[in-house]
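In my numbering, the protein residues as written are 244 to 335. Ideal Cβ placement from N, Cα and C applies to all residues, glycine included. Here the structure is a predicted model, which is why all the values come from computation and not from measurement.
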């Protein structure tokens, strides 16, 4: 999972919360790009994913019982929002 963006603010926000993001820029903006070093990415410990620049973490351990599937279909479908709303309403 991740995202591609041409917007600096969007890539910065996604990076800060730990979502993989690729900053897409025109090749003309990068005529002399070079890699100086390769670094090891941060890893999660005990299913806790650290949020960059904070002391907070996100629990990424598998859910027990597993999360229910509430919708299968196209992401832009109106039915998706109806199903999400119905699922949330079931908690009240």
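Top-ranked residue by Cα proximity to residue i, from the options
i: residue 263; options: 289, 280, 295; result: 295
i: residue 306; options: 290, 265, 331, 266; result: 290
C-alpha gap between residue i and residue j, whole angstroms
i: residue 304; j: residue 316; result: 26 Å
i: residue 246; j: residue 253; result: 10 Å
i: residue 300; j: residue 309; result: 21 Å
i: residue 257; j: residue 249; result: 12 Å
i: residue 251; j: residue 272; result: 14 Å
i: residue 275; j: residue 297; result: 33 Å
i: residue 325; j: residue 255; result: 32 Å
i: residue 280; j: residue 319; result: 41 Å
Contact set for residue i: own chain, Cβ-Cβ below 7 Å, skip 5 residues either direction
i: residue 330; result: 313
i: residue 327; result: 313, 314
Within-7 Å CB hit, residue i to chain C
i: residue 297; result: Among the chains of the structure shown, chain C does not appear; only one protein chain is present.
6 Å Cβ shell around residue i - same chain, five flanking residues per side excluded
i: residue 268; result: none
i: residue 323; result: 314
i: residue 265; result: 247
i: residue 270; result: none
Cβ shell of residue i (< 8 Å), same chain only, five flanking positions each side left out
i: residue 261; result: 292, 293, 294, 295, 301
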